[in-house]
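First to last, the protein sequences are chains A and B. Our numbering numbers the first residue of the first sequence as 85 and each following residue consecutively. Our numbering numbers the first residue of the second sequence as 113 and each following residue consecutively. We put the beta carbon where it would ideally sit given N, CA and C, even for glycine. Each remark here refers to the structure printed beneath this line.
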Amino acid sequence: MSIFDDPLDPQRRLARGCICGRHRSAAEHERAERTLRYEPVQSEVQSDEKRYEGVVASAVMRAVFPRDAARRAFLKSVGASTALAALSQFFPLKTATELFAEGATPEKKDLKVGFIPITCATPIIMAAPLGFYAKHGLNVEVVKTAGWAVIRDKTINKEYDASHMLAPMPIAITLGLGAQPIPFAVPAIENINGQGITLAIKHKDRRNPADWKGMKFAIPFDYSMHNYLLRYYLAENGLDPDTDVQLRSIPPPEMVANLRADNIDGFLAPDNICQRAIYDGVGFMHMLSKEIWDGHPCCSFAASREFITGSPASFAALTRAIVDATAYAAKAENRKQIAEAIAPANYINAPVTVLEQVLTGTYADGLGGVKTDAKRVDFDPFPWQSFAVWMLTQMKRWGQIKGDVDYKAVAEQVYLATDTGKVMTEMGLSPPTTSYKSFSVMGKAFDPGKPDDYLAGFKIRKAS
Amino acid sequence: MSFSLRFRAAIVSVVLSLAFIGVWHIATRSTGSVANMSPEYAKLMGLTATQGKSAMPGPMDVGAQLWEHVKRPFYDNGPNDKGLGIQLAYSIARVATGYFIAVLVAIPLGFLIGMSPLISRALDPFIQILKPISPLAWMPLALYTIKDSGLSAIFVIFICSVWPMLINTAFGVASVRKEWINVARTLEVGTVRRAFTVILPAAAPTILTGMRISIGIAWLVIVAAEMLVGGTGIGYFVWNEWNNLSITNVIIAIFLIGLVGMLLDQILARFTRMVTFPE
Numbered sequence: 085m086s087i088f089d090d091p092l093d094p095q096r097r098l099a100r101g102c103i104c105g106r107h108r109s110a111a112e113h114e115r116a117e118r119t120l121r122y123e124p125v126q127s128e129v130q131s132d133e134k135r136y137e138g139v140v141a142s143a144v145m146r147a148v149f150p151r152d153a154a155r156r157a158f159l160k161s162v163g164a165s166t167a168l169a170a171l172s173q174f175f176p177l178k179t180a181t182e183l184f185a186e187g188a189t190p191e192k193k194d195l196k197v198g199f200i201p202i203t204c205a206t207p208i209i210m211a212a213p214l215g216f217y218a219k220h221g222l223n224v225e226v227v228k229t230a231g232w233a234v235i236r237d238k239t240i241n242k243e244y245d246a247s248h249m250l251a252p253m254p255i256a257i258t259l260g261l262g263a264q265p266i267p268f269a270v271p272a273i274e275n276i277n278g279q280g281i282t283l284a285i286k287h288k289d290r291r292n293p294a295d296w297k298g299m300k301f302a303i304p305f306d307y308s309m310h311n312y313l314l315r316y317y318l319a320e321n322g323l324d325p326d327t328d329v330q331l332r333s334i335p336p337p338e339m340v341a342n343l344r345a346d347n348i349d350g351f352l353a354p355d356n357i358c359q360r361a362i363y364d365g366v367g368f369m370h371m372l373s374k375e376i377w378d379g380h381p382c383c384s385f386a387a388s389r390e391f392i393t394g395s396p397a398s399f400a401a402l403t404r405a406i407v408d409a410t411a412y413a414a415k416a417e418n419r420k421q422i423a424e425a426i427a428p429a430n431y432i433n434a435p436v437t438v439l440e441q442v443l444t445g446t447y448a449d450g451l452g453g454v455k456t457d458a459k460r461v462d463f464d465p466f467p468w469q470s471f472a473v474w475m476l477t478q479m480k481r482w483g484q485i486k487g488d489v490d491y492k493a494v495a496e497q498v499y500l501a502t503d504t505g506k507v508m509t510e511m512g513l514s515p516p517t518t519s520y521k522s523f524s525v526m527g528k529a530f531d532p533g534k535p536d537d538y539l540a541g542f543k544i545r546k547a548s
Numbered sequence: 113m114s115f116s117l118r119f120r121a122a123i124v125s126v127v128l129s130l131a132f133i134g135v136w137h138i139a140t141r142s143t144g145s146v147a148n149m150s151p152e153y154a155k156l157m158g159l160t161a162t163q164g165k166s167a168m169p170g171p172m173d174v175g176a177q178l179w180e181h182v183k184r185p186f187y188d189n190g191p192n193d194k195g196l197g198i199q200l201a202y203s204i205a206r207v208a209t210g211y212f213i214a215v216l217v218a219i220p221l222g223f224l225i226g227m228s229p230l231i232s233r234a235l236d237p238f239i240q241i242l243k244p245i246s247p248l249a250w251m252p253l254a255l256y257t258i259k260d261s262g263l264s265a266i267f268v269i270f271i272c273s274v275w276p277m278l279i280n281t282a283f284g285v286a287s288v289r290k291e292w293i294n295v296a297r298t299l300e301v302g303t304v305r306r307a308f309t310v311i312l313p314a315a316a317p318t319i320l321t322g323m324r325i326s327i328g329i330a331w332l333v334i335v336a337a338e339m340l341v342g343g344t345g346i347g348y349f350v351w352n353e354w355n356n357l358s359i360t361n362v363i364i365a366i367f368l369i370g371l372v373g374m375l376l377d378q379i380l381a382r383f384t385r386m387v388t389f390p391e
């Protein structure tokens with residue numbers, strides 16, 4: 085993906101260039117395609133010291149050769165390694181790199197971060213056993229929490245310094261929906277995709293959602309992407325989610341038991357729960373959430389404004405650790421190791437096979453088939469503000485927000501795209517240059533510049 | 113040949129438990145009927161789906177797992193995974209704290225209520241309303257106002273275990289035989305001395321009965337409270353294993369909760385016997 089640019093690459097183009105537009109170069113596009121097809125890819129694992137060295141070196145390079153053309157000509161003629169060697173002769177690159185990687189000293193080293201045991205929390209959880217927090221000078225205790233309301237209250241109470249939250253939750257808390265208004269912020273999105281609609285085995289011949297009238301579905305929380313995606317999917321298929329079906333908020337771990345007990349007909353739930361239902365033989369995968377909206381955000385890493393202003397260096401170190409872990413998790417070749425690291429009882433507490441199926445994307449569908457989709461779950465930390473705008477349109481669509489909303493102001497207050505972009509640049513990753521992008525959900529285009537028009541385009545919505 | 117009643121009762125108990133385990137074992141046997149599936153698909157599925165294993169664990173599974181826990185009761189794999197011994201210790205410590213605060217509040221207050229008809233009438237409506245409130249109803253309020261989940265759990269224990277003690281103390285104090293009080297009065301014993309030397313010993317059996325009811329309630333409450341606030345304790349253990357759908361561990365936890373509850377009750381029962389007097 086385009087985040088992992090090599091700053092010392094003389095071939096690096098300023099404009100993006102590949103057929104699909106998502107990769108930096110045709111070569112990278114090709115590599116990504118191969119990963120998708122599960123073909124061996126030439127390893128390009130880069131250690132982090134290397135990456136930081138790259139950042140510092142490229143800064144020095146740029147200072148020595150301020151003009152792009154001259155720098156490129158120099159790099160091309162002598163090669164990157166020779167250029168680096170030459171530079172380090174008169175500039176202490178090593179020391180500078182070490183200093184850079186440390187950053188400012190955190191005000192508070194011992195932090196507590198809450199999480200819900202689902203694979204969406206992968207970067208937050210794995211950063212503990214795999215040492216990403218320690219690398220950024222923090223001693224973080226990741227604490228498993230019983231449910232979304234509890235994690236919200238504990239974070240508001242400052243028992244946790246930062247938390248894993250569903251992507252719409254920080255927006256809801258900031259606006260004071262279902263809690264007192266407290267300004268929260270999202271420095272990083274945890275995961276994209278990685279959810280699914282699972283139905284009870286007895287519905288295996290009722291795959292057309294138009295026939296689902298009267299069924300009971302579970303969602304993890306009212307302010308969740310799961311709620312909005314399921315409602316969207318049902319509404320696109322002509323069902324009114326408020327009157328034609330029943331939607332219940334059930335904590336993810338209880339969903340499988342409820343499905344087995346026949347209390348619900350299906351759920352749109354976070355993964356490892358969907359796969360767990362299949363593993364236990366009680367449900368099958370109707371569709372991945374990716375098929376509704378490819379690249380949708382799900383969970384976020386959130387902290388209160390108070391913490392951010394009170395301990396800016398700790399917060400910056402946390403953000404770096406999470407972005408670092410997310411970048412590591414984004415690589416397909418690391419996924420098996422991650423599944424083993426987060427499966428024990430101290431973390432997610434689930435069978436390794438289940439987590440592996442979720443993270444590697446080769447999974448049993450519950451109906452006897454094995455499917456492969458390398459992008460079943462993916463990790464990309466950048467908090468697109470257009471995501472927040474979309475969530476706000478859905479909150480308004482389903483009556484969670486009444487009256488007018490200043491979409492842009494809320495999105496920019498809660499989703500810290502600029503700050504995270506800066507952190508990513510400092511770390512040698514290349515963030516997108518804008519914080520709004522258009523995307524399409526079930527074939528319907530969303531333009532973040534015109535949220536009200538988008539909202540007006542829906543026939544099924546809660547009458548306000 | 114005749115055995116003592118105790119011995120015969122023990123035999124019946126053993127037979128009953130063996131019968132229970134036998135029925136349990138038969139009811140949870142594998143069905144053995146397995147749908148045809150490709151080996152690569154089967155590799156990705158759980159035993160319930162591949163071998164028709166019952167979703168409910170049998171006594172053998174539970175026994176084996178229990179042995180694992182007994183072998184390593186005090187391991188510590190980080191903040192979210194600790195041995196059963198440590199979890200039980202956390203729960204008992206929480207219960208003890210909340211319970212002793214309740215004792216400190218309930219017994220003096222109970223004395224006051226028992227000795228003064230005015231206070232008794234004045235406080236009666238509050239006690240009657242607060243007494244039947246479920247512990248879980250207090251939880252959100254406690255979390256919201258105290259802003260600390262550990263203290264909230266202790267508060268919930270306190271608020272739920274205080275009432276039986278308070279009511280029993282007040283009742284015990286109020287029903288001390290009039291003659292004894294009158295004797296004390298004729299001997300011109302002061303109020304404080306009367307409370308400690310006459311009323312306290314006379315009311316002690318009733319007070320301890322209240323304390324015994326309370327410890328049972330406190331132990332009931334802790335499991336529910338810990339399931340909500342999480343972190344540590346046997347309630348958290350149940351929740352964590354429920355999360356993993358590990359019914360085996362949940363059954364073990366249920367068994368242990370019962371065992372510890374029984375022990376706590378027995379300790380209080382022994383104290384009660386110590387202060388009981390024949391009239």
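How about residue 284 (chain B) and residue 307 (chain B): do their beta carbons lie closer than 8 Å?
Not a contact, by the Cβ cut-off of 8 Å.
I need the straight-line Cα distance from residue 383 (chain A) to residue 373 (chain B), nearest angstrom please.
Approximately 40 Å, taken between the alpha carbons.
Taking DSSP as the reference, what is the three-state secondary structure of residue 249 (chain A)?
Strand, per DSSP.
Can you give the Cα-Cα distance for residue 207 (chain A) and residue 191 (chain A), rounded to whole angstroms?
Cα to Cα, the separation comes out at about 23 Å.
Please confirm whether residue 228 (chain A) has its beta-carbon closer than 8 Å to some beta-carbon of chain B.
Yes, residue 228 (chain A) counts as interfacial toward chain B.
Using the three-state DSSP reduction, which class does residue 265 (chain A) fall into: helix, strand or coil?
For residue 265 (chain A), the three-state secondary structure derived from DSSP is coil.
Residue 115 (chain B) versus residue 124 (chain B) - alpha carbon distance
Taking the straight line joining both Cα atoms gives about 13 Å.
Quick one: is residue 265 (chain A) near chain B, going by C-beta distance under 8 Å?
Chain B, which has no Cβ nearer than 8 Å to the Cβ of residue 265 (chain A), makes this no.
Ignoring anything shorter than 4 residues, give me the alpha helix (DSSP H) runs that lie fully in the segment 260-331 of chain A, in order along the chain.
Runs found: 309-320.
Note down, in chain order, every chain B residue with its Cβ under 8 Å from the Cβ of residue 360 (chain A).
Simply 357.
Please confirm whether any heavy atom of the ligand MN lies closer than 7 Å to the CB of residue 261 (chain A).
Of the ligands one can find in the structure shown there are none, so the ligand MN has no counterpart to examine.
Under 8 Å by Cβ, that's how I've got residue 482 (chain A) and residue 521 (chain A) pegged, so tell me the actual separation to the nearest angstrom.
The beta-carbon separation of residue 482 (chain A) and residue 521 (chain A), rounded to 24 Å, does not stay under the 8 Å limit for a contact.
State yes or no: is the beta carbon of residue 237 (chain A) nearer than 8 Å to at least one beta carbon in chain B?
Closer than 8 Å: yes.
Minimum Cβ-Cβ distance from residue 452 (chain A) to chain B less than 8 Å
Yes, residue 452 (chain A) lies at the interface with chain B (some Cβ there is under 8 Å from its Cβ).
Considering only the beta carbon of each residue, do residue 313 (chain A) and residue 370 (chain A) sit closer than 8 Å?
Between residue 313 (chain A) and residue 370 (chain A), the C-beta spacing is not below 8 Å.
Is residue 268 (chain A) near residue 498 (chain A), with beta carbons less than 8 Å apart?
Judged by their CB atoms, residue 268 (chain A) and residue 498 (chain A) are nearer to each other than the 8 Å cut-off.
Indicate whether at least one CB of chain B lies closer than 8 Å to the CB of residue 355 (chain A).
Put simply, the CB of residue 355 (chain A) is far from chain B, with every gap to its CB atoms at 8 Å or more.
For the alpha helix (DSSP H) containing residue 309 (chain B), name the first residue and the last one.
DSSP places residue 309 (chain B) outside any alpha helix (DSSP H), giving it a letter other than H or E.
Between residue 526 (chain A) and the rest of its own chain, which residues show a CB-CB distance below 8 Å, the 5 nearest in sequence each way excluded?
Cβ neighbours of residue 526 (chain A) beyond the five flanking positions: 316, 317, 320, 376, 377.
For residue 68 (chain B) and residue 212 (chain B), I'd like the C-alpha separation in whole angstroms.
Outside the displayed range of chain B (113 to 391) lies residue 68 (chain B), so it cannot be described from this structure.
For residue 351 (chain B), return the contacting residues in chain A, with the cut-off set at a CB-CB distance below 7 Å.
Listed along chain A are 230, each with a C-beta nearer than 7 Å to that of residue 351 (chain B).
What number of angstroms, rounded off, separates the C-alpha of residue 122 (chain A) from the C-alpha of residue 288 (chain A)?
Because residue 122 (chain A) sits at a pLDDT of 46, beneath the cut-off of 50, its placement in the model cannot be relied upon, and the following sentence gives the value as read from the coordinates. Whole-angstrom Cα-Cα distance: 29 Å.
Rounded to a whole number of angstroms, what is the C-alpha to C-alpha distance between residue 126 (chain A) and residue 153 (chain B)?
Because residue 126 (chain A) carries a pLDDT of 41, less than 50, the predicted location of this residue cannot be relied on, and no value is offered for it.
So, are the CB atoms of residue 449 (chain A) and residue 357 (chain B) less than 8 Å apart?
One thing to note: residue 449 (chain A) has its Cβ no nearer than 8 Å to the Cβ of residue 357 (chain B).
Shortest alpha-carbon distance to residue 351 (chain A) belongs to which of A:281, A:337, A:392?
Of A:281, A:337, A:392, the residue nearest in Cα terms is A:281.
Residue 448 (chain A) bridges to which residues according to DSSP?
Here residue 448 (chain A) is bridged, per DSSP, to A:454.
Beta-carbon separation (whole angstroms), residue 227 (chain A) vs residue 340 (chain B), contact threshold 8 Å
So it is not a contact: roughly 14 Å between Cβ atoms.
Taking Cβ to Cβ, would you say residue 262 (chain A) is nearer than 8 Å to residue 307 (chain A)?
Pairing residue 262 (chain A) with residue 307 (chain A) gives a Cβ-Cβ distance under 8 Å.
Would you mind reading off the limits of the beta strand (DSSP E) that contains residue 223 (chain A)?
In the DSSP annotation of this structure, the continuous segment of the beta strand (DSSP E) that includes residue 223 (chain A) starts and ends at 223-228.
Taking CB distances under 8 Å as the criterion, tell me whether residue 124 (chain A) reaches chain B.
Residue placement at residue 124 (chain A) is poorly supported in this model, since its pLDDT is 43, which falls under 50; the coordinates still yield a value, given next. So no, residue 124 (chain A) is outside the interface.
Quick one, are the C-beta atoms of residue 454 (chain A) and residue 444 (chain A) less than 8 Å apart?
The answer is no: Cβ separation not under 8 Å.
Report all residues from its chain with a CB closer than 7 Å to the CB of residue 207 (chain B); omit the five preceding and five following residues, and keep chain order.
Excluding positions up to five away in sequence, the list reads 269, 330, 331, 334.
Excluding sequence positions up to five away, which residues of its chain have a Cβ less than 6 Å from the Cβ of residue 276 (chain B)?
Spatial neighbours of residue 276 (chain B) in its own chain (CB-CB distance under 6 Å, excluding positions within 5 residues in sequence) are listed in chain order as 322, 325, 326.
Distance check for residue 425 (chain A) and residue 245 (chain B), CA to CA, integer angstroms please.
If you take the alpha carbons of residue 245 (chain B) and residue 425 (chain A), they lie about 43 Å apart.
Exposure label - residue 533 (chain A); buried when at least 16 CB within 10 Å:
Exposed.
Would you mind working out which of A:463, A:523, A:336 sits nearest residue 305 (chain A), comparing C-alpha positions?
Closest by alpha carbon: A:336.
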